[in-house]
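Student: Here you go, one structure.
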Amino acid sequence: MCGIVGYVGEQHPKEFLLDGLKKLEYRGYDSSGIAIKNNDNIQIIKCTGKISDLEEKINKENLISSKIGIAHTRWATHGEANETNAHPHKVGKVTLVHNGIIENATDLKNKLVNDGVVFRSETDTEVACAVISKYYKGNPIEAITEAIQLLKGSYAFGVLFEDQDKLYAVRKDSPLIIGLGKKENYIASDIAAIIKYTDQYILLNDDEVVELSGENVTVYKDGKKIKKEIQTSTMTIEDANKGNYKHFMLKEIMEEPIVLQRTLNKYINNMDQMVDISPYEEIHIVACGSALYAGMIGKCLLEEKANIKCMTDVASEYRYKKIIYDRKTLVILVSQSGETADTIAAMRKAHEEGIDTLAIVNVKTSTIAREAKQTLFIEAGPEIAVATTKAYLLQVAMFSLIALKAAHSKKLEKNYKEIIEEAKQLPDYLRKVLNDKDVFAGIGKEIKGARDAFYIGRGVDYAMCEEGSLKLKEVSYTHSDAYQAGELKHGTISLIEDGVPVFAIITDDKIKDKTESNVIEVESRKAKIYTITNDASIMNHHFKYVVEKISDYFQPVLIVPPLQLIGYYTALERGLDIDKPRNLAKSVTVE
Ligand code: F6R
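For the sequence shown, position 11 (counting from the first letter as 1) is numbered 10 according to numbering that gives the first Met the number 0, and the numbering increases by one without interruption.
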């Protein structure tokens, strides 16, 4: 949801800024811009479209000599994606890039207009810029510190002042890190943007203001200097590159066995390290999108296996809803980025009510990782493709482990040891599925022309259908819906016509026969049935793919890659921009 980078040092900033923007493009890709400065001369270049368009434009310009600059890639919130609304924005002596949303921008704007400020864009960012400009009397730290008192919402700002040779930054509820180089320093929304240059960084807390020169980084809180710890990133340059793969999405799917191994290694031989949620009487799993669908699998496992009452909710609903916490409740937040605004708000709501929280997070430096009462880290490494794949798979695996631990603690699982042993084989089972990727490439070819697709299953199989359906629609733009298999005939079956692809997921022994009957119902209406199952004896209608049959706890993990690969290959056949689907952005840091 917008990416920002900034440079100050001894080199011209162009290369760092463009390189950084390319690494952050997954965060937003409808327009972009840079500002570089030399004394009081600020040059701003903006462009709609991709970073490659901006690069082309910059290469045609006469750039001023410079050793400092800021840049931005945008996912539009206030105002359409055009050059005027693209960042950086400049008001008076202040030039600024912004990630987040200023919620009281309209009020502030009205007051500033009365003061005579003329606004060029429709953005909340230009308003923030004007507020800082209003307070700027020669001391940047004072101006930023005063301005942020007035701003409501979320922000990460990179700021240049016309008469200062330093770079300034501040954040609240939006990610921003400070990179430490040799005679140069950086700001970035994400480590991926700076890892080529340094692995040393500082994490900022809300409303800490930073001043960066090539030699020094100084952090202030409420106008006073504070000390910060220097962190070392474990990310590698390869993590941030596609390698031999055509798309990050495929690279990340193919990494699943490795990241699963990494995550299992932490717990499977050492289940004492796994959080025991068995003392709780009620679990609320709250998340958005795929993370919520991983939570829906978690709910099925926790109820079926550990006998714990459990509900799932969309974070954007949960945060505003009346929640009656009348039992000993744990709220589990699931978030790859750890920066999803609604999930953060849901977590804070639980904290305000004195409710315990457990976060399942990938990004260790994120807000949710830092604020949740307890955190379990999936070890997915950086996920660059906008559509989540390996992180979702690990979220599912984490719920398998949580449910297994809780069932064991409650003495409900008599095959505990065997299941643990079996889990050690999971990465190999997963490799076997991924080795069949060409099978799913074939499905992509078959369904590339489909207008609609449906996913049907029951119980935990239905939860997987939701993710399969989301993957297909978000990357291939094929309309698709997921249904509990028994529900289709209550209306939607009227959409089934000759050749419509229907994906049936059938793994749950208890209700297999029931789903099978529903499959036959849609096949009678001439749907083309693609079955993904763990049971070789199930009837093959048009296509059948059989994964290894393993314990219920971990079975969903093996169903995940086929669903992701079907989405990927359908999008590939359609020639789409798979890593950056239209209208999307990774890390949704706005409501
Ligand atoms: C879909 C996808 C999204 C995210 C959702 C939550 O492929 O990636 O649905 O799962 O935006 O994001 P996080 O997990 O970062 O909170």
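We put the CB at the ideal spot given by N, CA and C, even for glycine.
The structure displayed is predicted, hence computed values, not measured ones.
I need the boundaries of the beta strand (DSSP E) containing T217, first residue and last residue.
Tutor: 216-220
Student: Indicate the three-state DSSP secondary structure (helix, strand or coil) for V474 in the structure shown.
Tutor: helix
Student: Count the other CB atoms, across all protein chains shown, that sit within 10 Å of the CB of M538; report buried if there are 16 or more and exposed otherwise.
Tutor: exposed
Student: Would the C-beta of E255 count as close to the ligand F6R, meaning under 7 Å from any of its heavy atoms?
Tutor: no
Student: Shorter than 7 Å, the distance from the beta carbon of E473 to the closest heavy atom of the ligand F6R, or not?
Tutor: yes
Student: Could you name the residues of the same chain whose beta carbon sits closer than 6 Å to that of V96, not counting the 5 residues immediately before and after it, in chain order?
Tutor: I3, I69, H71, H86, P87, G157
Student: One question on the structure: do A481 and E465 come within less than 8 Å of each other, judged by their Cβ atoms?
Tutor: Going by C-beta atoms, A481 is nearer than 8 Å to E465.
Student: Starting from the C-beta of L16, find all residues in its chain whose C-beta is less than 7 Å away, skip the five residues before and the five after it, and write them out in chain order.
Tutor: V4, Y6, I33, G68, A70
Student: Using DSSP with H/G/I as helix, E/B as strand and the rest coil, what is G467?
Tutor: helix
Student: When you compare only the Cα positions, how much space is there between E598 and P278?
Tutor: Only positions 0 to 590 of the chain appear in the structure, and residue 598 is not among them; the question remains open.
Student: Per DSSP, L375 forms a beta bridge with which residues?
Tutor: Partner(s): I359.
Student: CB of A290 to nearest heavy atom of the ligand F6R: below 7 Å?
Tutor: Residue side-chain check: A290 places its Cβ nearer than 7 Å to a non-hydrogen atom of the ligand F6R.
Student: Between which two residues does the alpha helix (DSSP H) containing G19 stretch?
Tutor: If you look at G19, you'll find it in the alpha helix (DSSP H) that goes 13-23.
Student: Tell me, to the nearest whole angstrom, how far the beta carbon of L564 is from that of I252; I am working on the premise that it is less than 8 Å.
Tutor: 6 Å
Student: Less than 7 Å between C-beta atoms, sequence neighbours within five positions excluded: which residues of the same chain meet that for E121?
Tutor: H77, G78, N84
Student: Between the alpha carbons of I101 and S550, how many angstroms are there, rounded?
Tutor: 48 Å
Student: What residues are listed by DSSP as bridge partners for S31?
Tutor: In the DSSP secondary-structure assignment, S31 is bridged to C46, T72.
Student: Give me, in chain order, the residues of the same chain whose beta-carbon lies closer than 8 Å to that of E280; leave out the 5 immediate sequence neighbours on both sides.
Tutor: I307, K308, R326, K327, T328
Student: Taking the alpha carbon of P139 as the reference point, which residue from T506, S493, D164 has its own alpha carbon closest?
Tutor: D164
Student: Report the rounded CA-to-CA distance for K45 versus L53, giving the unit in angstroms.
Tutor: 7 Å
Student: Smallest Cα separation from H541: which of I331, E547, I531?
Tutor: I531
Student: Under a three-way DSSP split, which group does S479 fall into?
Tutor: strand
Student: Short of 8 Å in beta carbon distance, which residues of its chain neighbour H599, apart from the five on each side in sequence? Order them along the chain.
Tutor: Only positions 0 to 590 of the chain appear in this structure, which leaves residue 599 out of reach.
Student: With a CB to CB cut of under 8 Å and the five nearest residues on each side skipped, what residues in its chain are close to Q272?
Tutor: K265, Y266
Student: Take P500 and list the residues in its own chain whose beta-carbon comes closer than 7 Å to its own, dropping the five residues that flank it on each side.
Tutor: I446, A449, A452, K527, Y529
Student: Which two residues bound the contiguous alpha helix (DSSP H) that contains A104?
Tutor: 104-113
Student: Check whether the Cβ atoms of Y568 and G443 lie closer than 8 Å to each other.
Tutor: yes
Student: Determine which residues share a DSSP beta bridge with F502 and list them.
Tutor: Y454, Y529
Student: Would you kindly report the start and end of the unbroken beta strand (DSSP E) that includes I177?
Tutor: 176-179
Student: When the Cβ atoms of the stretch 507-525 are set against those of the stretch 396-405, are three or more pairs found closer than 8 Å?
Tutor: no
Student: Taking the alpha-carbon of R119 as reference, which of I505, K89, T47 has the nearest alpha-carbon?
Tutor: K89
Student: Please specify which runs of the beta strand (DSSP E), each continuous and at least 3 residues long, are wholly inside the stretch 314-353, giving them in chain order.
Tutor: 328-334
Student: Measuring only the C-alpha atoms, how far is P305 from A405?
Tutor: Note on identity: in this sequence residue 305 is Ala, with Pro being the wrong assignment. Those two C-alpha atoms are separated by around 6 Å.
Student: Quick one: what does DSSP say G6 is sitting in, helix, strand or coil?
Tutor: Note on residue identity: the sequence assigns Tyr, not Gly, to residue 6. Strand.
Student: List the residues that DSSP assigns as beta-bridge partners of Y567.
Tutor: Y567 is not bridged to any residue.
Student: Could you round the C-beta distance between A402 and Y552 to whole angstroms and report it? I think they count as a contact, below 8 Å.
Tutor: 6 Å
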